[in-house]
Every structure is written in C-alpha cells, then in structure tokens.
Ligand SMILES: [Zn+2]
C-alpha cells in the first residue's frame, strides 16, 4: 500500500485540473501508488490573497470530484490572512472533502499568525503540512526552516505537524526536529540522496516518517527510491510508504464517514 | 544494462551507504547493471589527479568484478592536465574522461574546455561533462558552488564535430534554448540521473531522440534504484527502454 502525501498539478500535461489529475493518476498507477494527495492550483502563488487561494482550492476540488477513491486534498491557506484562512478551512474541510492544510512560503511558521490556523486545523482533525527548507544561499523571506517549525510545535505540543521536504538539507532538518515527537518528516521534493532514509529512521524512528513525492514537478520514481532503495527493514518501508499517513488521517476520515 | 554515471570512493561531506566499491558493485548487479562508467569523488577536490586516476583504475580492476569502467577526472585548470589525459588513454586505456566545471571553475566557452575537447576528440575519448554533483541549495557553503552557465555550451560543442559528449546531472541547468540547441547535435548524449517530473524520461524523448538518452544513476550519491524506476515510470516500450538502458551506451563505447 503506497499513499503519497505530496502532489501538485505542476509538471503535468493538460490544460485543466481534470486533465492533469488523470495524467497524475496514470503515472501513480505505473509506480504502484494507490492514493495521492493534491494541493495548490495549476499556477502557484507565493503569497496568495484569499481570492487566489480560494481559486486554487477550487481547482483541487474540481480534480478531486472524479477521484475520491484515489486522491485526498489539502486546503492551501495563507497565515497573512488568518480569518479568511479559517473560513476557507471550513469551506474546504468541515463542509468539503479535504483532509488537511498546506502552508507554504508566505509567512514563517514560527509567527503567531499561524496560531488561529493550526488550532482550527486541530479542531477539524486536519493534517498540517508545512513546507520547510534550509537553503545554503538563503531562504525566501517568508520561507520556513525546520527550526521555525520547532518553535510552532513547541507552542502546540498536542498538535502534530509535518516537516515538508525534510528541510531539503535533511541532515540539518532531521537534527532540528528529532527531539520534538509531534513533528513528522515529509520526504518529498528533494533529490534522492542516499543515506537520507537510513538517517531518518535512525534518528526519528520509522513511525515518524511519511513518504511523499512532490510530483508532478518531481518524479514518483526518484522519490519512491528514497524508501525502496534504503537499507531499512520491510516493516519500516511499509510504515513510511503508507501506514503512518493512514494512521494520521484516520480520525478525520472516520469523521467524514460518519457524516 | 549500462549505467554511465557512478562514482567511486568517498563523497567529501557525507558517508554514503554504497561508498565502498564492493557494496556499490553488489547493488549495481542486484539492479541488473552489467557495466558502469565510474568517475571518482576524489577528483572533485584533489590536485594530484594523476594519483586519483591511478587509484580509480586500480580499484576498477581489483574490486570492479569486470563491470566497472574507469573514467578519469581531468581538471584543465591544473598545470599539465594534458599529462593526466594522456595517462588515462595511453597507460590506463580508459575509454573516456569526466569533467567537473562547477568544482574546477571554468566556463563552458573557456579556452580551457576547448583545449580538452580538442585533445579528447583527437584521442577518440568519450567526454563526460558533469554539470553538478549536488543541488546547490543543499551543497556545503565551504564549496560556494554556483550553477554552471550552460548558454554557450552548444556553440562550443559545434566546433568539435568528432567529439563524443555525454552530459551528466544536467536537468536543472540545461533548459530552454541551451538544451534545445545542444539536443540538436547528434554527438551529444544526456543521462537521466537528475531528471525529474512525473514521466520525465517519456517527456525527454519528445525533445531529444531516444538514441541520445542514457541510463545514469549518479550512484552512490543517489539511491541507485531511482534511475531504474524512472525507466518504468514512462510508457517507453521495450525497444526504446533497451536502447536507453544500454544499447545507446554500448554503441557509444564501440565508437560509432
Ligand atoms: Zn510541493
């Protein structure tokens, strides 16, 4: 069972969200990926106004409409608009089919502006995915590092967060989060550098790691290789490729079934 | 299958699971590789490239189980780099050399690279041009590496019609016209190690003839299986898959 935490419409052929989604599923099928998670629109926006993130989320909703059995959606929100973000989470998650939120590079995640968003996400049992990078030549102004995520996670020790991209420079990212058990590691969206998964399992344990690809910009192949090519046992691989993500989603999926 | 992009010995800032040649060879064999073109991580930072290439050649013979083919590192910024190149050909009988313009800091229209291309053409050597070894966003600040400017590459290569050029780890740096112009040249091949995007190989062969695309993994720095899985991710058909996975490289090595 392979569930992918992290996909986009970018890097795929097709004019519409529907066409791109069909393409993404075709590649997922070839690589044995059972479920994908999609967030953000065909065009990405670094600091979207509420109008823009609503439009991007509508595109995801459109794509999900034919693929409920194969795809999850996360709502893209922007901490620079906390009230509108909370309202969008109600529209997409409480009243819609989505199961998580995506936070990107509009605002560093250590900022108190995130508090209302993450507490609301926790109330909805939504998964919280935060993009993080350590770039050797410097991050974007609003781009978080794993250490920014640690600041947030310490304020909300009962809420689980996902450290997207493993911080890019994963030797630093894994170190930054290792003593904060409410942060999980997202493994998508950086090169398939060997040794990454072995270090992650050693420092975090396999139960804190979630496979994601960042396809279509990235290839499923290169990102699956981090798990499938790693010298870790098969039980760990199964957890990372799907079980951990399934466990994280179970509360919100149960709620949705009851509705 | 032939993997045209592997390296031996230690990566400067990290131990890698397969940085022992025995382990690397075991991994390659397990994934169906019958020949791998091997450069040396030592070549990135060492100045005594004669020693580097001697060790590479010896390691391929002693630990390579007849699947490793050495590609010596040439740094045209060093005094008497020509001596290194001649030792690669005449002494070690290497079929090719590998260049690292990012670590060794020369441009792709420099006198230096043109002299290498000229001598390599004369000696009928395959030239592997590794545009980078690592995402510059994650590379150690000690190296202060920058992207190599690929804009002049096609114009430079055009001057050497006898050159056999294999571009490695190129996909972040070669885009737009710089890629398009180079792909037009029949004596240039591209590996798939850093190729990304869902179905990336399928998309690539819409832009460059499949005869110019080669399986390359950048192991052991990358998980070797990444390149293998890329061949599955696109619907290539058996004929094209076989060509990319070895036929094209075998033809190149045979010199036609
Ligand atoms: Zn992403």
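Protein chains in written order, with the numbering used here: chain W, 1 to 259; chain U, 1 to 256.
Even glycine gets a Cβ: it sits at the ideal position worked out from N, Cα and C.
Within chain U, the residues 196, 197 and 198 have their CB atoms less than 8 Å from the CB of residue 218 of chain W, given in chain order. Here residue 252 of chain W really is in contact with residue 126 of chain W; their C-beta atoms are around 6 Å apart, less than 8 Å. Taking the Cβ atoms as the reference, residue 210 of chain W lies roughly 10 Å from residue 227 of chain W, outside the contact range of under 8 Å.
Using a cutoff of 7 Å, the CB of residue 189 of chain W counts as near ligand 1, since one of the ligand's heavy atoms is closer than that. With respect to the C-alpha of residue 16 of chain U, the residue from W/205, W/196, W/222 and W/250 having the closest C-alpha is W/196. With a threshold of 16 other beta carbon atoms within 10 Å, residue 61 of chain U falls short and is exposed. With at least 16 other beta carbons inside 10 angstroms of its own, residue 56 of chain W counts as buried. Membership of residue 11 of chain U in any alpha helix (DSSP H) is not indicated, and neither H nor E is assigned to it by DSSP. Taking a Cβ-Cβ threshold of 8 Å, the residues of chain U close to residue 136 of chain W are 136, 137, 138, 139, 140 and 141, in chain order. With 16 or more other Cβ atoms from the protein chains shown falling within 10 Å of its own Cβ, residue 134 of chain U counts as buried.
Taking C-beta atoms as the reference points, residue 213 of chain W and residue 29 of chain W fail to come closer than 8 Å. Within the segment 61 to 98 of chain U, the runs of alpha helix (DSSP H) at least 4 residues long that lie entirely inside it are, in chain order, 81 to 86.
Residues of chain U whose Cβ lies closer than 8 Å to the Cβ of residue 229 of chain W are, in chain order, 223, 224, 225 and 226. About 6 Å separates the CB atoms of residue 49 of chain U and residue 75 of chain U; that is less than 8 Å, so the two are in contact.
Contact with chain W is absent for residue 238 of chain U, since none of that chain's Cβ atoms lies less than 8 Å from the residue's Cβ. DSSP, reduced to helix, strand and coil, places residue 5 of chain U within a strand of the structure shown.
Between residue 117 of chain W and residue 82 of chain W, the C-beta gap is smaller than 8 Å, which places the two residues in contact. Under the three-state reduction of DSSP, residue 205 of chain U is assigned to coil, being neither helix nor strand.
Along the segment 204 to 255 of chain U, the alpha helix (DSSP H) occurs as fully enclosed runs of 4 or more residues at 225 to 233, 238 to 242 and 248 to 254, listed in sequence order.
Residue 128 of chain U sits in a strand when the DSSP states are folded into three classes. Residue 62 of chain U does not reach chain W, its nearest Cβ partner there being about 23 Å away, counting only Cβ pairs nearer than 7 Å.
Contact note: residue 247 of chain W does not reach chain U at a C-beta cutoff of 9 Å; the least C-beta distance is about 25 Å.
Sixteen is the threshold: when 16 or more other Cβ atoms of the shown chains lie within 10 Å of the Cβ of residue 35 of chain W, as they do, the residue is buried. In this structure, W/63 is the residue among W/63, W/233, W/51 and W/53 with its C-alpha nearest to the C-alpha of residue 37 of chain W.
Of the candidates U/200, U/241 and U/166, U/166 places its Cα closest to the Cα of residue 252 of chain U. One thing to note: residue 132 of chain W has its Cβ within 8 Å of the Cβ of residue 145 of chain W. Membership of residue 133 of chain W in the beta strand (DSSP E) is indicated by the continuous run 127 to 133.
Distance from the C-beta of residue 8 of chain W to the nearest heavy atom of ligand 1 is below 7 Å.
For the segment 144 to 196 of chain W, the continuous beta strand (DSSP E) assignments of 3+ residues that do not extend past its boundaries occur at 161 to 167 and 183 to 186, in sequence order.
Annotation: Cβ neighbours of residue 18 of chain U in chain W (cutoff 8 Å, chain order): 194.
Residue 257 of chain W is bridged by DSSP to nothing; it lacks a bridge partner.
Of the heavy atoms belonging to ligand 1, at least one sits nearer than 7 Å to the Cβ of residue 214 of chain W. Residue 236 of chain U sits away from residue 208 of chain U, with the two beta carbons spaced by 8 Å or more.
Only 23, 24, 26, 27, 28, 30 and 31 from the segment 22 to 52 of chain W bring a Cβ to less than 9 Å from some Cβ of chain U. Judged by pairs of C-beta atoms under 8 Å, the segment 211 to 227 of chain U touches the segment 5 to 19 of chain U, as three or more such pairs exist.
Following the DSSP letters along the chain, one finds residue 188 of chain U inside the beta strand (DSSP E) bounded by residues 188 to 191.
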